[in-house]
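In my numbering, the protein residues as written are 518 to 893.
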Ligand code: TYM
């Protein structure tokens, strides 16, 4: 395999591989870039520009301008996002959820959160259903720990709550041909039927608000861009069913800790999970791929490259809120004044401090899990 082939970009809801070219994704997926103008428009409601907007970690959207136009005319929107419970939650998953929480606070709006235990069961031959169902409830603790408002947050566990989704999913499924699904998701002859039907289930929460309340309002979906194919097909049929097209705001991927930012479910050392103990976090960060040189002497002389450094990305995405300090870190790294060990130690401290808090909140969440479960 050539280097080019190894690095070839693949971004689907089930696989993200190679060096991700976000400009190319905007073109290929047909989304809109999140321009300065629309960021400012959103920032007006968010108490100043949120870190994830300012640093352009959210970089693309569909119909966010329409959502804001409607909002300004007095038509509210609901938020919708989700999780496929395939294992413990990693820190990258928190990126869209933290932003979703800020949106919930800023717009005082309802959030539907889908836990796709069904999806993770059908797409993987080795997983059994009781496990993904159990993981769904465990992962929900991470959502609750982020501080979502119980009165405004509705977690849907697909298997348990299928009665709420099934009629909507059928209406959706009836209007999407196999040919569209195959070209959107790359289904093959060997793809099982559960997987082929699944996109209709992920579409359903876009429209559930009307069923529950009678109000027809649009939904806004904050998520990484890998989920976009679901919305492409849902948007095509939304109006036929009498709904608004679901809108999206897309974030980039927090890289893994492996070489070139690789994060792989089968290599747990490439991701930091919210349940990791502090010693394990330390080991993972210590082994992480950086932009450093082979020897200390070389690095002091020539400097290192924060662009390709996974540690620097963790500071950028979540662990250095101060822009000036982030930019100083970048300058010192390039000048060889800060060594990789220094950054790794600081990051370890910050991640562990964050996780200690998060883990406490996660424990407390066990007492209120049911409060967040969708009400009928
Ligand atoms: P899942 O569990 O793969 O991912 C959960 C959310 O995290 C985003 N994400 C990331 N964001 C930043 N950095 C990363 N490295 C990273 N990896 C994943 C995903 O885009 C997602 O937003 N099918 C979905 C579950 C789902 C859903 C939804 C997601 C159902 N309905 C509506 C978003 C919106 C899934 O398996 O997500």
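The beta-carbon is built from N, C-alpha and C at its ideal position, and this holds for glycine as well.
Model, not experiment: these values are computed from the prediction.
Check: residue i C-beta below 6 angstroms from any heavy atom of the ligand TYM
i, result
"residue 770", "yes"
"residue 599", "yes"
"residue 741", "yes"
"residue 719", "yes"
"residue 633", "yes"
"residue 609", "yes"
"residue 894", "The structure shown does not extend to residue 894, since the chain is modelled only from 518 to 893, so the question has no answer here."
"residue 650", "no"
"residue 830", "no"
"residue 685", "no"
"residue 592", "no"
"residue 738", "yes"
"residue 744", "yes"
Per DSSP, the bridge partner or partners of residue i
i, result
"residue 534", "527"
"residue 798", "In DSSP, residue 798 forms no bridge with anything."
"residue 781", "784"
"residue 575", "768"
"residue 632", "600 and 674"
"residue 741", "768"
"residue 790", "607"
"residue 860", "None, per the DSSP bridge assignment."
"residue 595", "736"
"residue 550", "577"
Contacting residues, own chain, Cβ-Cβ under 6 angstroms from residue i (five flanking each side not counted)
i, result
"residue 830", "772"
"residue 792", "605"
"residue 781", "787"
"residue 649", "602, 634, 637 and 638"
"residue 631", "599, 673 and 722"
"residue 795", "869"
Chain-order list of residues whose beta-carbon lies under 7 angstroms from that of residue i (same chain, five-residue window excluded)
i, result
"residue 592", "734"
"residue 732", "726"
"residue 743", "528, 529, 530 and 533"
"residue 537", "526, 528 and 770"
"residue 574", "612, 768, 769 and 834"
"residue 642", "none"
"residue 891", "671, 672, 673, 678 and 681"
"residue 875", "662 and 791"
"residue 714", "690"
Close Cβ partners of residue i (< 8 angstroms) along its chain, the five nearest in sequence each way excluded
i, result
"residue 594", "584, 587, 588, 624, 626, 734, 735, 736, 737 and 764"
"residue 885", "661 and 667"
"residue 836", "864, 867, 868 and 871"
7 angstroms Cβ cutoff met for residue i and residue j
i, j, result
"residue 621", "residue 628", "yes"
"residue 828", "residue 877", "no"
"residue 816", "residue 858", "no"
"residue 619", "residue 578", "no"
"residue 655", "residue 601", "no"
"residue 653", "residue 634", "yes"
"residue 685", "residue 740", "no"
"residue 864", "residue 802", "yes"
"residue 777", "residue 787", "no"
"residue 768", "residue 613", "yes"
"residue 673", "residue 657", "no"
"residue 723", "residue 751", "yes"
"residue 551", "residue 576", "yes"
"residue 570", "residue 558", "no"
"residue 608", "residue 789", "yes"
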